[in-house]
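Enquirer: If you count the sequence shown from 1, position 33 lands on 32 in numbering that gives the first Met the number 0, and the numbers rise without skipping.
Ideal Cβ positions, reconstructed from N, Cα and C, are used throughout, including at glycine.
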Amino acid sequence: MVTLRDASVFTADERSGWLRLRTLIGLRWMALAGQAIAAIGCLTLGIAIPMAPFLLILGCGALFNLIARMTAPSSRRLTQREAVALLLFDLIQFGALLHFTGGLANPFALMLLGPVTIGAAALSLGATVALCGAAIVMITLLSITYIPLDLPGGVQIPHHDSLTLGAWVALSAGVVLIASYARRISGEIFRMSQALTATQVALDRERRMSAIGG
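1. For the putative contact between LEU31 and ALA82, defined by C-beta atoms under 8 angstroms, what is the C-beta separation to the nearest angstrom?
2. Any chance you could list the alpha helix (DSSP H) runs of at least 4 consecutive residues sitting entirely within the stretch 7 to 74, in chain order?
3. Just the Cα atoms here: how many angstroms apart are PRO52 and HIS98?
4. Between ILE138 and CYS131, what straight-line distance do the alpha-carbon atoms span, to the nearest angstrom?
5. Distance check for ALA104 and TYR145, CA to CA, integer angstroms please.
6. If we ignore side chains and look at the alpha-carbon of each, how far apart do SER7 and LEU195 end up?
7. Among MET29, LEU23, GLY40, which one has its Cα closest to the Cα of LEU150?
8. Taking only the alpha-carbon atoms, compute the straight-line gap between ALA181 and ILE188 and give it to the nearest angstrom.
9. If you follow the alpha helix (DSSP H) that ARG80 is in, where does it begin and where does it stop?
10. Below 7 angstroms between beta carbons: does that hold for VAL174 and ALA134?
Laid out in structure tokens, this is it:
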């Protein structure tokens, strides 16, 4: 039975509670697995990457996941601050990996959009703006300081300021646009949920009134 008390679950202030710890842990394991596969692919193609810092950063992500899994129930709903902190950790980890693997010249720089998209879909506007700002700062740092990748034969990927600027513009614009789209879509879903809950509450009230009057 749906009551007015249940309808309060769908207030805007409660949207941050949509994210469970289990969800972010699972997504991070997928990201870590993808990063490991990408490293293996680079080595197979003869592209030199600094393995020591790469494995250290990857290990930090795995250790963070294990600690989070052991210290809190995986079904626990995250507060907004906790969700933002976890997504900022993901941004920093991705950024650190990209620093050692070519910066914005690395096509996997698109992974920086992931935490922003999740935050835009599930968190408040303020949290979304903070994540977008952090992502753009990370993209800017990666356009300035990074370690170039060495291609087979010891040839480095050539550095062109115009390409770096283009990548910075594309990724920064992508952060803003994708966050806007994700937030708009989640907002539509949120409003539909509110309307459905209100309808269920009204029908339940009519049913009770009919039972009393009948």
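Expert: The short version:
1. Their Cβ separation, rounded to whole angstroms, is 19 angstroms, which puts LEU31 and ALA82 out of contact at 8 angstroms.
2. For the stretch 7 to 74, whole alpha helix (DSSP H) runs of length 4 or above, ordered along the chain, are 20 to 43, 50 to 70.
3. Going by the C-alpha atoms only, they are around 10 angstroms apart.
4. Distance between the alpha carbons of ILE138 and CYS131: 10 angstroms.
5. Between TYR145 and ALA104, the alpha-carbon positions lie close to 10 angstroms from each other.
6. With a pLDDT of 43 at SER7, under the threshold of 50, the predicted position of this residue should be treated as unreliable, though the coordinate-derived value follows. Rounded to the nearest angstrom, the two C-alpha atoms are 13 angstroms apart.
7. Of the listed residues, the one whose Cα sits closest to LEU150 is GLY40.
8. Rounded to the nearest angstrom, the gap between the Cα atoms of ALA181 and ILE188 is 11 angstroms.
9. Following the DSSP letters along the chain, one finds ARG80 inside the alpha helix (DSSP H) bounded by residues 79 to 98.
10. Inclusion of VAL174 and ALA134 in the CB contact set at 7 angstroms is warranted, their separation being smaller than that value.
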